[in-house]
Structure formats: C-alpha cells, structure tokens
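A.B. asks: If you scroll down you'll find the structure; I have some questions about it.
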Amino acid sequence: IITDTVAINDSAKIPVTISSAGLLVGQYSSSVILPSNDPLNNPDTIPVILNVIGTGEITLTQNCLYLDSIMEFTTNKDSLYIKNTGCDTLFISNISSLTTYFTFTLASDTILLGDSAMVEVTFTPASAGILYDTLTILNSDVTKTICLSGYGFPRPIMSENPDTIKDYIRASASVPLMP
Numbered sequence: 021i022i023t024d025t026v027a028i029n030d031s032a033k034i035p036v037t038i039s040s041a042g043l044l045v046g047q048y049s050s051s052v053i054l055p056s057n058d059p060l061n062n063p064d065t066i067p068v069i070l071n072v073i074g075t076g077e078i079t080l081t082q083n084c085l086y087l088d089s090i091m092e093f094t095t096n097k098d099s100l101y102i103k104n105t106g107c108d109t110l111f112i113s114n115i116s117s118l119t120t121y122f123t124f125t126l127a128s129d130t131i132l133l134g135d136s137a138m139v140e141v142t143f144t145p146a147s148a149g150i151l152y153d154t155l156t157i158l159n160s161d162v163t164k165t166i167c168l169s170g171y172g173f174p175r176p177i178m179s180e181n182p183d184t185i186k187d188y189i190r191a192s193a194s195v196p197l198m199p
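Residues 21 to 199 in our numbering are what the sequence shown lists, from first letter to last.
Written as structure tokens, this is what we have:
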C-alpha cells in the first residue's frame, strides 16, 4: 500500500509488480484499486490482464540405454520416458537413430505439461559384437540425444551330416532310416 498526495494538475507514479510465478499458461484478470478523496472516482479501478505464455521443457528419465546381451537375429526391448517439465505443451517433431540395429516406438508426439510419453527401444543385432547407436529427439524445446548400446552374440549355426539321406525301399515296405 502506497500513500501519496498529488497536487492539482500533477500526477504520481505508483509501481505495480506482476508475477507469473506458480501460474500455468493462460490468461488471468485482476484489478488495481486506487482509493482517493475524489468523490466521483473513489475508488478508481484499473483492470489488469496478464497473458502467461510458456514452452514445454524436455527431461529424459535416462541418458543411455544398454540393451544387454542377446543372440544375433533376436530382439530385446527397453524403454525410457520423455517428461514435460515446462509450462506448456511439448511437441516431438522427430526421433531418429543412425543404424537399423535399434528401432523405437513413441507413445505420443504431443506431451502436455506435467505429463510424459514412453519411448520403447528395440535392439535387433544382425551381426555379432558390441553395437552402438544414438537416438536423437527433435522437439519444441532443445534437441536431446540418448546413447544406445547392446551386445549381440553369434547365433548357433546348424549343420547336417550327412546333408542327404538316400535309401532304396521296396514298394509298400517300411524301414528305419539310419544315417
């Protein structure tokens, strides 16, 4: 509360502070009430309209995923969450990886404030060895990357010996096959 005396044909400046702390995105209305000794305008009310604008902020539950050791040509899945810790909707515009060993599924490309979306990552090694990749997430905040790794061990290779079974049998007879 400020008290001031204003001379005839003069003015006074009254500082007003508006804060958006703790407010969600949207429009807010209030008033500044100025009591005075003016019999026609006591109190005088000045409307205040505040438009709070903001952006989504991306936060990841993990910065790296290790998808364990699996046999080549099989799959292993893991997941992480993209959280929106901002004050408006977070938009995911693209997710990409560098190789085909790691693929992904995004639950939603629009994440409301305070919400999250799951990203499921599938590891499918087509060769044996330690495999690395980077998952890049383009969004309405800042680009994020997640390191991916997994180990594919060699698949068993079946072979037959002999590779052909050949026998002669009389019509309407049966004999056990012996290699």
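The beta carbon of each residue, even a glycine, is placed where N, CA and C say it ideally should be. Keep in mind it's a predicted model, so treat the numbers as computed, not measured.
(1) Excluding five sequence neighbours on each side, which residues of the same chain lie with their C-beta closer than 7 Å to the C-beta of THR153?
(2) Is DSSP giving LYS7 helix, strand or coil here?
(3) Between ASN260 and ILE78, how many whole angstroms is the CB-CB distance? I'm expecting something under 8 Å.
(4) Do THR81 and LEU110 have their beta-carbon atoms positioned less than 8 Å apart in this structure?
(5) Going by DSSP, name the residue or residues bridged to PRO67.
(6) Between ILE34 and SER56, what straight-line distance do the alpha-carbon atoms span, to the nearest angstrom?
(7) When you compare only the Cα positions, how much space is there between SER128 and PHE173?
(8) So, with DSSP's three-state summary, where would you put THR154?
(9) In whole angstroms, what separates the C-alpha of ASP58 from that of PRO67?
(10) If you draw a straight line from the C-alpha of GLY170 to the C-alpha of THR94, how long is it?
(11) In angstroms with no decimal places, state the Cα-to-Cα distance between ALA193 and LEU151.
(12) Check for me: the beta strand (DSSP E) holding GLU140 runs from which residue to which?
(13) Return no unless some Cβ of chain D is closer than 8 Å to the Cβ of GLY172.
(14) Whole angstroms is fine: what's the gap from ILE115's alpha carbon to THR144's?
(15) Using only the alpha-carbon positions, how far apart do GLU180 and LYS186 sit?
C.D. replies: Let me spell this out:
(1) In the sequence on display, residue 153 carries Asp and not Thr. The answer, listed in chain order, is SER117, LEU118, THR119, TYR121, PHE122, LEU168.
(2) Within the shown structure, residues of the chain are numbered from 21 to 199, placing residue 7 beyond reach of any answer.
(3) Since the first residue of the chain shown is 21 and the last is 199, residue 260 is not available in this structure.
(4) no
(5) SER51
(6) 13 Å
(7) 33 Å
(8) strand
(9) 19 Å
(10) 12 Å
(11) 55 Å
(12) 136-143
(13) This model lacks chain D altogether, as it is built from one protein chain only.
(14) 18 Å
(15) 14 Å
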